[in-house]
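Enquirer: In UniProt numbering, the protein residues as written are 1 to 278.
C-beta atoms are modelled at their ideal positions from N, C-alpha and C, and glycine is treated no differently.
Note that the coordinates shown come from a computational prediction; the quantities given were computed from them, not determined experimentally.
One structure coming up, written as structure tokens, with questions to follow.
Here it is, written out as structure tokens:
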């Protein structure tokens, strides 16, 4: 079994700056504390883009400082709010692949985690996988043909049936899907960008998206605008085994919100203990 934490759309700003009244750094900090406490056994964590809101060096420095508190091994990639040059200035050129993109692969047991950089330097709201990035993906898929392959990316490669986002998907997605088909496909695709919690299946490939740690978007499938709202910071926990994949959505919970704890009993009825007695 492989346990992967998916964190996305952190939208970090320079220290003390707020985004629509929210403190992105404090919200990410609460998620990191939750992961450390409740999922310290995780094998890996993936941050799937929009690491910062403005793509500035100061925000990347704060983001790097926050990452120092995470006790789970992690990797990163970029989204439409990011800036590749500023990211490299803070995190270093060792994060770049041979073509200058933030892409990487990690194998854990029988699972291969492939992380794609879909940042589009021409039009950021639409994702892009250029020839070099697709070539990288094709090579990695071929090398890991016998493993379960989980792909992480920022932009969704197909519609999630929300009108607002249909103009903000991965450009020329057929090239991506052709690449997957020619290399035997992937078990699952996890992405961010939409600020929605969605799960489903595209053909033989399941998918999941997460609301992110910062602002959320109110689900409305038909409007040509979107509305942001404040909800609890969110992250996903992916459990991968030989039988498939399960995606759990989670949020930090203050211990004061715990009502009770139930223990198993031989008669199957369970024993309930009030929080004050734990």
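Rounded to whole angstroms, how far is the Cβ of residue 24 from the Cβ of residue 6, which I believe are closer than 8 Å?
Expert: If you number the chain shown from 1, residue 24 lands on position 24. If you number the chain shown from 1, residue 6 lands on position 6. Rounded, the Cβ-Cβ distance is 17 Å, inconsistent with contact.
Enquirer: Less than 8 Å separating the beta-carbons of residue 114 and residue 137?
Expert: Residue mapping note: residue 114 aligns to position 114 of the chain shown, counting from 1. Residue mapping note: residue 137 aligns to position 137 of the chain shown, counting from 1. Against a cut-off of 8 Å, the Cβ pair of residue 137 and residue 114 comes out as a contact.
Enquirer: Using DSSP's beta-bridge definition, name the partner residues of residue 249.
Expert: Taking the first residue of the chain shown as 1, we reach residue 249 at position 249. Residue 249 is bridged to 236.
Enquirer: Where do the ends of the beta strand (DSSP E) carrying residue 165 lie?
Expert: Locating residue 165 in the chain shown gives position 165, where the first residue counts as 1. Element bounds for residue 165: n/a, residue is neither H nor E.
Enquirer: Is it buried or exposed for residue 93, if we count other Cβ within 10 angstroms and need 16 for buried?
Expert: One-based indexing of the chain shown puts residue 93 at position 93. That one is exposed.
Enquirer: Going by DSSP, name the residue or residues bridged to residue 72.
Expert: Residue mapping note: residue 72 aligns to position 72 of the chain shown, counting from 1. Note: residue 72 sits in no beta bridge, so no partner.
Enquirer: Give me the residue from 235, 277 and 165 with the minimum Cα distance to residue 302.
Expert: Look at the range of the chain in this structure, 1 to 278, and you will see that residue 302 is not part of it.
Enquirer: Considering only residues of the region 34 to 85, which uninterrupted beta strand (DSSP E) runs meet the minimum length of 3 residues and lie entirely inside it, listed in chain order?
Expert: Within the region 34 to 85, the complete beta strand (DSSP E) runs of at least 3 residues are 44 to 48 and 74 to 77.
Enquirer: When we look at the beta-carbon of residue 210 and count the other beta-carbons within 10 Å, is it buried (16 or more) or exposed?
Expert: As a first step, residue 210 must be located in the chain shown, where it is residue number 210. Per the 10 Å Cβ criterion, buried.
Enquirer: From this set, 151, 175, 155 and 55, which residue's C-alpha is nearest residue 167's C-alpha?
Expert: Stepping through the chain shown from its first residue, residue 167 is reached at position 167. When only C-alpha atoms are compared, the closest one is 155.
Enquirer: Residue 3 bridges to which residues according to DSSP?
Expert: By 1-based counting over the chain shown, the position of residue 3 is 3. Answer is 239.
Enquirer: Take residue 205 as the anchor and find which of 240, 150 and 122 has the nearest alpha-carbon.
Expert: By 1-based counting over the chain shown, the position of residue 205 is 205. The option with the nearest alpha carbon to residue 205 is 150.
Enquirer: In terms of alpha-carbon separation, which member of 16, 239, 203 and 110 lies closest to residue 157?
Expert: Working through the chain shown from its first residue, we reach residue 157 at position 157. Ranking the options by Cα distance to residue 157, first place goes to 203.
Enquirer: What runs of the beta strand (DSSP E), each 3 residues or longer, lie entirely inside the region 107 to 143?
Expert: 111 to 115
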